[in-house]
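Since the structure comes first, as structure tokens, the remarks are kept for the end.
There are 2 protein chains.
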Amino acid sequence: MDSSSRSGMTPPPPEASGGPHPADLFDRWALEALRRHAGPVPVRVRLAKGPDLSPVSGPAIATITINRRVTLVNLLRNPDVEFGDAFIAGDLEVEGDLVGLLEAVYRAQESAGELRPRHASFSHSPSESRAQIHQHYDVGNDFYRIWLDSQLVYTCAYFPSPSATLDEAQVAKMDLVCRKLRLRPGERVIEAGCGWGALAIHMARQCGVTVTAYNISHEQIAYARERAAREGLRDRVAFIEDDYRAIHGSADAFVSVGMLEHVGPADYQALGAVIGRVLGDGRGRGLLHFIGRSRPRPLNPWITKRIFPGAYPPTLVEAIGGVLEPVNLTVLDVENLRLHYAATLDHWRRRFLASAADVRRMFDASFERAWRLYLSGSQAAFMSGSLQLFQVVFAPAAGNRIPWTRDTPGEYDVTGACNEGGAGLDDQL
Amino acid sequence: MDSSSRSGMTPPPPEASGGPHPADLFDRWALEALRRHAGPVPVRVRLAKGPDLSPVSGPAIATITINRRVTLVNLLRNPDVEFGDAFIAGDLEVEGDLVGLLEAVYRAQESAGELRPRHASFSHSPSESRAQIHQHYDVGNDFYRIWLDSQLVYTCAYFPSPSATLDEAQVAKMDLVCRKLRLRPGERVIEAGCGWGALAIHMARQCGVTVTAYNISHEQIAYARERAAREGLRDRVAFIEDDYRAIHGSADAFVSVGMLEHVGPADYQALGAVIGRVLGDGRGRGLLHFIGRSRPRPLNPWITKRIFPGAYPPTLVEAIGGVLEPVNLTVLDVENLRLHYAATLDHWRRRFLASAADVRRMFDASFERAWRLYLSGSQAAFMSGSLQLFQVVFAPAAGNRIPWTRDTPGEYDVTGACNEGGAGLDDQL
Chain A
2 MDSSSRSGMT
12 PPPPEASGGP
22 HPADLFDRWA
32 LEALRRHAGP
42 VPVRVRLAKG
52 PDLSPVSGPA
62 IATITINRRV
72 TLVNLLRNPD
82 VEFGDAFIAG
92 DLEVEGDLVG
102 LLEAVYRAQE
112 SAGELRPRHA
122 SFSHSPSESR
132 AQIHQHYDVG
142 NDFYRIWLDS
152 QLVYTCAYFP
162 SPSATLDEAQ
172 VAKMDLVCRK
182 LRLRPGERVI
192 EAGCGWGALA
202 IHMARQCGVT
212 VTAYNISHEQ
222 IAYARERAAR
232 EGLRDRVAFI
242 EDDYRAIHGS
252 ADAFVSVGML
262 EHVGPADYQA
272 LGAVIGRVLG
282 DGRGRGLLHF
292 IGRSRPRPLN
302 PWITKRIFPG
312 AYPPTLVEAI
322 GGVLEPVNLT
332 VLDVENLRLH
342 YAATLDHWRR
352 RFLASAADVR
362 RMFDASFERA
372 WRLYLSGSQA
382 AFMSGSLQLF
392 QVVFAPAAGN
402 RIPWTRDTPG
412 EYDVTGACNE
422 GGAGLDDQL
Chain B
2 MDSSSRSGMT
12 PPPPEASGGP
22 HPADLFDRWA
32 LEALRRHAGP
42 VPVRVRLAKG
52 PDLSPVSGPA
62 IATITINRRV
72 TLVNLLRNPD
82 VEFGDAFIAG
92 DLEVEGDLVG
102 LLEAVYRAQE
112 SAGELRPRHA
122 SFSHSPSESR
132 AQIHQHYDVG
142 NDFYRIWLDS
152 QLVYTCAYFP
162 SPSATLDEAQ
172 VAKMDLVCRK
182 LRLRPGERVI
192 EAGCGWGALA
202 IHMARQCGVT
212 VTAYNISHEQ
222 IAYARERAAR
232 EGLRDRVAFI
242 EDDYRAIHGS
252 ADAFVSVGML
262 EHVGPADYQA
272 LGAVIGRVLG
282 DGRGRGLLHF
292 IGRSRPRPLN
302 PWITKRIFPG
312 AYPPTLVEAI
322 GGVLEPVNLT
332 VLDVENLRLH
342 YAATLDHWRR
352 RFLASAADVR
362 RMFDASFERA
372 WRLYLSGSQA
382 AFMSGSLQLF
392 QVVFAPAAGN
402 RIPWTRDTPG
412 EYDVTGACNE
422 GGAGLDDQL
């Protein structure tokens, strides 16, 4: 190799005899290239057999040990995906603070700041959606029971104070959703993507509404039905194993918590049409709760490949513009609960770690490592602002049956004639 | 004229002798065409000299009387603009409920529902902006004193209860803005578009912050400076007669109430760059309060022509996507206060009507009619959902010095290492 070709991604040529071994030179170059890819992050990167060739000044957040040289080569080729795959395979280990390391890397990537356009978006057919959802949510309820709260709520919790327990915070989140929707006894609610049914059951029991809840995860629907029957709520909550596109009928409120991430931008308009039909009489209101972004970017490629195929976290602009605007639904209220998802994931991750040995017994070591990385990386993404969590309340743009203030219970109908100089708006209220 | 050419916009031919006079036939056709344009709205439309040729079944909201036949012709040509111009000129009068009539027309237009694209958007140069703002805001402080609240706040108020007075509601709005911005003593605030200075003075006095406030209306800035001096706040509030593009320096908070409507989409990115610089250290937070839409549409053409040249009410998508996203600011909170603007306008309009004779003396009858129509039409637009009012709170996407919940005073810094299995997020809080 001619020395004139020496550049960023080309290994240096062997030195004159008496210098370091060529393999050492390659290793040193490759480890440095990897560390540069991670950004200005104090992390050690080393090969298991060999000295620490990539020292950092000051204390490191973590040390990445790469067990095989082939892993090093793979990492150079496609670091974002190979890091995760090597971690699962055990070809790469992290000592120290995994969440802190990933948070620092995400922060560096965010502040590098290029606006990467999102990947071309393809519509998910109902059967594709079913396969994607099956892969993640039908792993087995026993597994989720290990580290979720007692009601199996697999979405961002709401901690009234940071010291609330996970169970308290999931109940508080469901209360928050009910409060934002202003549910009243006797109203009809349609829920799209209902998980194990906790919110549907909570709404029926706490607010006296009737709920029709949809989900395409077979295991979750079976669990939810069984629970509703056990709690004597079968006449008030119907769980339907079907796609959101199959939703029919109208309701006083539409709610969807943690489903929009799985819909994909190509189908936002289809979802909007469904919501528009549900709230078809120009009344009612709805709530979308979803993982989002501050700028459009594809989901982390390893997460897309191994954990959530087909998933995409939208910006507010994409969600509002794609789902709500075309059917003239207007935003009444948005709340960003990003730090609450970081706190939720911290609970999940620690509960998961406390039972890691059980998980390895139920599945295997690579399954345990995959979920450990996924939970750690997700917590880091919310800590670093790479991911956001939005709750969006909306209603038909022209409807006046909307809350007067956030603090006012119920709603007010201010529709009515305003005679010039005579009875005016404030006389109607 | 051949009878075969008879169609929607062509007057009918004269009937055989012994039938009605041809002018009557034209009138009847023209009045019916006008009423069709208004949509399914129970309104009578008649010529001053002649019978009511356009009867409605049931009670009418209002009766429109057209005083000259030439006005009828103009209305057919360009109804949206000519209605306002004829109203100003006194060539057209409305008896009955003007707000109710306009609300019904706007509702009909909204539910007709075609998504009209907004007009091509041109950047406003600072001197154009100055001219546009001068035309409306420099009419004379004495005029605004007649019908605004005692502090001259010319933006949507916040009524804690519908029975609050206008003065109470404007103070409550300023308190709401301070609360959402979590202002603390000693912090620095930059305000863009400060009107007569009420909010800047309120923030300085109630929250102990220092404020630098910008405005290009000469009369408003002169008034604001005089008031700050009178109230002994000259060292804490600086009023600068300049364009938002001239804002320099950094601050803990950025706020702009009622200016974005005047910026225009072509300059959203310039405004975003200004805000990004103000919050340049990745901390701080901001609030935009603006009149918006649920779907993109140009402002009413008569309002654009006669009242607010250059104005455009953006959708949330346009505002967030245009201003915040490019500089990686993320939305923390959105509140829609549409009905509060309807209530605010109801107060303004009634105070204005109570002093209409004074306004006619200060200016003339056509000025009084123009403002009566503008205030009535604006109230109708917020009642019908044709206009919305958004308050958007935002912060740098990666900043963790953000409020924990809406109810939590102050903010929390959750940044910090989370050791796997060891000290976690919730130990940091």
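Chains A and B supply the protein sequences, listed in that same order. To get my numbering, take the position in the first sequence, counting from 1, and add 1. To get my numbering, take the position in the second sequence, counting from 1, and add 1. Positions of the beta carbon are idealized from the N, C-alpha and C atoms, including for glycine. The model shown is predicted, which means the values in this text are computed figures rather than measured ones.
For residue i, which option in the options has the closest C-alpha, if you only look at C-alpha atoms?
i: residue 341 (chain A); options: B:335, B:216, B:47 and B:403; result: B:403
i: residue 226 (chain A); options: A:249, A:195, A:256 and A:103; result: A:195
i: residue 176 (chain A); options: A:87, A:193, A:199 and A:191; result: A:199
i: residue 327 (chain B); options: B:39, B:108 and B:278; result: B:278
i: residue 247 (chain A); options: A:126, A:299 and A:168; result: A:126
i: residue 65 (chain A); options: A:78, A:141, A:140 and A:35; result: A:35
i: residue 158 (chain A); options: A:348, A:233, A:50 and A:322; result: A:348
i: residue 274 (chain A); options: A:407, A:397, A:303 and A:242; result: A:397
i: residue 239 (chain A); options: A:264, A:193 and A:344; result: A:193
i: residue 44 (chain A); options: A:28, A:102, A:31 and A:368; result: A:102
i: residue 100 (chain B); options: B:79, B:386, B:381 and B:406; result: B:381
i: residue 76 (chain B); options: B:50, B:61, B:33 and B:97; result: B:33
i: residue 30 (chain A); options: A:73, A:243 and A:376; result: A:73
i: residue 49 (chain B); options: B:324, B:96, B:38 and B:69; result: B:69
i: residue 343 (chain B); options: B:170, B:201 and B:255; result: B:170
i: residue 433 (chain A); options: A:57, A:145 and A:39; result: In this structure chain A extends from 2 to 430, so residue 433 (chain A) is not present and cannot be described.
i: residue 241 (chain B); options: B:284, B:250, B:215 and B:231; result: B:215
i: residue 145 (chain A); options: A:356, A:245 and A:386; result: A:356
i: residue 190 (chain B); options: B:134, B:140 and B:284; result: B:284
i: residue 251 (chain B); options: B:81, B:188 and B:304; result: B:188
i: residue 201 (chain A); options: A:218, A:384 and A:237; result: A:237
i: residue 1 (chain A); options: A:186, A:369 and A:37; result: This structure cannot settle anything about residue 1 (chain A), because the visible part of chain A is limited to 2 through 430.
i: residue 409 (chain B); options: B:304, B:302 and B:181; result: B:181
Among all the DSSP beta bridges, which residues are the ones paired with residue i?
i: residue 256 (chain A); result: A:192 and A:288
i: residue 215 (chain B); result: B:193 and B:241
i: residue 316 (chain B); result: B:294
i: residue 397 (chain B); result: B:330
i: residue 389 (chain A); result: A:293
Apart from the five residues on each side of it in sequence, which residues of its chain come closer than 8 Å, Cβ to Cβ, to residue i?
i: residue 179 (chain A); result: 203, 204, 207 and 208
i: residue 366 (chain A); result: 91
i: residue 354 (chain A); result: 373
i: residue 62 (chain B); result: 42, 43, 44, 97, 98, 101, 102 and 105
Measuring only the C-alpha atoms, how far is residue i from residue j?
i: residue 42 (chain B); j: residue 83 (chain B); result: 19 Å
i: residue 311 (chain B); j: residue 269 (chain B); result: 14 Å
i: residue 23 (chain A); j: residue 86 (chain A); result: 27 Å
i: residue 294 (chain A); j: residue 313 (chain A); result: 10 Å
i: residue 119 (chain A); j: residue 299 (chain A); result: Residue confidence for residue 119 (chain A) is low, a pLDDT of 49 falling below 50, so the modelled location carries little weight and cannot support an answer.
i: residue 235 (chain B); j: residue 229 (chain B); result: 5 Å
i: residue 419 (chain A); j: residue 374 (chain B); result: Summary for residue 419 (chain A): the model assigns pLDDT 27, below 50, so the residue's position carries little reliability, and this model does not support an answer.
i: residue 26 (chain A); j: residue 46 (chain A); result: 15 Å
i: residue 59 (chain A); j: residue 110 (chain A); result: 22 Å
i: residue 233 (chain B); j: residue 280 (chain A); result: 54 Å
i: residue 147 (chain A); j: residue 167 (chain A); result: 13 Å
i: residue 308 (chain B); j: residue 379 (chain B); result: 11 Å
i: residue 71 (chain B); j: residue 79 (chain B); result: 13 Å
i: residue 321 (chain A); j: residue 28 (chain A); result: 48 Å
i: residue 112 (chain A); j: residue 223 (chain A); result: 44 Å
i: residue 256 (chain B); j: residue 184 (chain B); result: 11 Å
i: residue 330 (chain A); j: residue 306 (chain A); result: 34 Å
i: residue 135 (chain A); j: residue 142 (chain A); result: 12 Å
So, at 6 Å on beta carbons, what are the nonlocal neighbours of residue i in its own chain, with the 5 sequence-adjacent residues on each side left out?
i: residue 334 (chain A); result: 394
i: residue 94 (chain A); result: 66
i: residue 263 (chain A); result: 312
Within the same chain, show all residues whose beta-carbon is closer than 7 Å to that of residue i, passing over the 5 residues directly before and after it, in chain order.
i: residue 221 (chain A); result: 138, 196 and 197
i: residue 116 (chain A); result: Because the pLDDT at residue 116 (chain A) is just 49, under 50, the model does not fix this residue reliably, and the point stays unresolved.
i: residue 337 (chain B); result: 389, 390 and 391
Cβ-heavy atom distance between residue i and the ligand SAH below 7 Å?
i: residue 57 (chain B); result: By its list of ligands, the structure shown contains no ligand whatsoever, and the ligand SAH lies outside what it can speak to.
Quiz prompt | the region 211 to 231 of chain B in contact with the region 317 to 325 of chain B per 3-pair CB rule at 8 Å | solution = In short, these stretches do not touch, since the Cβ pair count stays below three.
Quiz item: Does the region 285 to 293 of chain B come within contact of the region 380 to 396 of chain B, defined as at least 3 CB pairs closer than 8 Å?
Solution: Verdict: yes, contact present.
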